[in-house]
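Asker:
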């Protein structure tokens, strides 16, 4: 989120107000302090009291499951990560307009995104730091979750970057986040962190890397810091670039090389690479040059402009690494089109980059923006927001592009089951600045800010990548439920089953007397074999030692197993 600084001077004293995070503050071009309002205040003024809605059952259409993650309205800018060792475990971090004080928002899932549990992440512990913005999340190879966030004073001159860690998939966190950088200079603001972990088997495995933009007046600095002790502390930051720079992404390849990409002068993407675990970086390499998406207006860029309003857009980079290939995606103008999605790639570890390839395959002249990329099993995945399905280029839906030929061509498919008009939730040109994507062994999940309910919500589009051909024995067979493993267990066990065709499946837990304890899963699944990781601790179930019954219903057929929990 872009940040601005406002200096108001009185006759007797000077009052300095830090105007932090463009998605959290709005500058109306007036020196009257009453017109300077944080986004949280604007949200409450527009939408009123919080709406606590019941959890939403997943909907399933054309192989994509849609589900709303939040019960309370007022969330935006989601990012997502999947546990690299267990696809069933996922986390989504997001801004939350209704949280004040020392907490940030997270949602976690233990059942591959079929249900979500909200959690609060402790931040700096500084009493005068009251709001948080710009979340980023990543897993390490052991399943620990790292959460980076900007914590700041709503009106004041302090802000900083902090990182917290969870060892139980987001259910609980350390009491206080670790400080990466903090300042009390009203002219300097930390912005948009990105975080990743070295999950390779190389020399620097388990290193945690964080990058961000430190803004001062009209210029910025791209900063980098690392932790070599599992996030217990972070080393002094180093500067990777200075000038008109903004918005980083950071990734680690299979050999442990660290790549950092960022936007320069609003028209160039630059990459720097480290092969020594972030101690030093090679010379900057230009990956792409282009014309920024949208129409320049009042120090920002707008799509769907209507007078002074529109949807703010930024052409920042998103990185994906695969087999020494570096992929960078971004949005840019294209002839008469205000915003398309493009990809450039490097076959030589970031030394050189190809000409750009357009990813969205429509010919409508509509807007495509906010891309996010990931890779898995030789395929490149990119998600974005898209207006191709509206002849008037107004409403928005999430899309997914997939390339199986190293980025030479892409298929496109719609993820959102319903589009929305961004003007229904617009807060001074803001509906969020980015969305999220994660690809696991069995699941693809894209998350985005959604206004289909005329509120700020976070929705996920999830694709299950289980085999569905007759080569899978379960497809041609019948509904089967296997004994859980391990059994007895504490705290987690895997429940596996197979279904012959796509249908609704529910999984419920009962005690031995027949009393229902928890509804573990309720959603559509495709034909094939499936597994559900039941984690009593992660679900916050205080189970006594004893025998429990799991009932799995497939369509009209019910099957059950008994399993033993031991403390």
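Numbering (our numbering), first residue to last: 512 to 1078. Positions of the beta carbon are idealized from the N, C-alpha and C atoms, including for glycine. Predicted model, so just to flag it, every value in this text is computed and none were measured.
Taking DSSP as the reference, what is the three-state secondary structure of residue 826?
Answerer: Correct three-state label for residue 826: coil.
Asker: Which first and last residues belong to the beta strand (DSSP E) in which residue 618 is found?
Answerer: That run of the beta strand (DSSP E) goes 614–620.
Asker: Give me, in chain order, the residues of the same chain whose beta-carbon lies closer than 8 Å to that of residue 998; leave out the 5 immediate sequence neighbours on both sides.
Answerer: 1004, 1074, 1075, listed in sequence order.
Asker: Please report the straight-line C-alpha distance between residue 767 and residue 836, rounded to a whole angstrom.
Answerer: Distance between the alpha carbons of residue 767 and residue 836: 14 Å.
Asker: Consult DSSP for residue 1072 and reduce its assignment to one of helix, strand or coil.
Answerer: Residue state, collapsed to three classes: strand.
Asker: In angstroms, rounded to a whole number, what distance separates the CA positions of residue 823 and residue 963?
Answerer: Cα to Cα, residue 823 sits roughly 19 Å from residue 963.
Asker: Relative to the alpha-carbon of residue 748, which residue among 728, 771, 722, 727 has its alpha-carbon at the smallest distance?
Answerer: Checking every option, the nearest Cα to that of residue 748 belongs to 722.
Asker: Are the beta-carbon atoms belonging to residue 881 and residue 945 less than 7 Å from one another?
Answerer: Yes.
Asker: Could you name the residues that DSSP lists as bridge partners for residue 723?
Answerer: According to DSSP, which records beta bridges pairwise, residue 723 is partnered with 734.
Asker: Run through DSSP, which three-state label would residue 994 get?
Answerer: Residue 994: coil per DSSP, three-state reduction.
Asker: Quickly, what does DSSP pair residue 924 with across the bridge? List them, please.
Answerer: Paired residues: 911.
Asker: Can you tell me the Cα-Cα spacing of residue 996 and residue 974, whole angstroms?
Answerer: Going by the C-alpha atoms only, they are around 25 Å apart.
Asker: Output the distance between the C-alpha atoms of residue 551 and residue 938, rounded to the nearest integer angstrom.
Answerer: So the alpha carbons of these two residues sit roughly 10 Å apart.
Asker: Over the uninterrupted beta strand (DSSP E) stretch that includes residue 552, give me the two end residues.
Answerer: Looking at the DSSP string, residue 552 is not in any beta strand (DSSP E); the run it does join, the alpha helix (DSSP H), is 550–558.
Asker: According to the neighbour-count rule (16 or more other Cβ atoms, all chains shown, within 10 Å of its Cβ), is residue 519 buried or exposed?
Answerer: The predicted position of residue 519 is uncertain, since its pLDDT is 32 and thus under 50; a value taken from the coordinates is nonetheless stated next. By the 10 Å Cβ count, residue 519 comes out exposed.
Asker: What's the call for residue 1066, buried or exposed, on a 16-neighbour Cβ count within 10 Å?
Answerer: The residue in question, residue 1066, is exposed, as its Cβ has fewer than 16 Cβ neighbours within 10 Å.
Asker: Output yes or no for whether 7 Å exceeds the beta carbon distance between residue 697 and residue 954.
Answerer: Contact: no.
Asker: Cα-Cα, which of 601, 1036, 922 is closest to residue 957?
Answerer: Closest by alpha carbon: 601.
Asker: Assign residue 934 to one of three DSSP states: helix, strand, or coil.
Answerer: Residue 934: helix per DSSP, three-state reduction.
Asker: Could you check whether the segment 753–772 touches the segment 729–737, counting it as contact only if at least three pairs of C-beta atoms, one from each stretch, sit closer than 8 Å?
Answerer: A contact exists between the segment 753–772 and the segment 729–737.
Asker: Apart from the five residues on each side of it in sequence, which residues of its chain come closer than 6 Å, Cβ to Cβ, to residue 829?
Answerer: Correct list, in chain order: 760, 840, 882, 883, 884.
Asker: Based on Cα-Cα distance, which residue from 1037, 699, 951, 555 lies nearest to residue 610?
Answerer: Closest by alpha carbon: 555.
Asker: Can you tell me which of 808, 1023, 1039, 969 puts its alpha carbon nearest to the alpha carbon of residue 1080?
Answerer: In the structure as shown, the chain begins at 512 and stops at 1078. Residue 1080 is therefore absent and cannot be evaluated.
Asker: Since residue 999 is in the beta strand (DSSP E), which residue starts that stretch and which ends it?
Answerer: Unbroken run through residue 999: none, as it is neither H nor E.
Asker: In the structure shown, what three-state DSSP assignment does residue 709 receive?
Answerer: Residue state, collapsed to three classes: coil.
Asker: With a threshold of 16 other CB atoms inside 10 Å of the CB of residue 707, please say whether the residue is buried or exposed.
Answerer: Buried, by the Cβ-count rule.
Asker: Is residue 799 helix, strand or coil by DSSP?
Answerer: Residue state, collapsed to three classes: strand.
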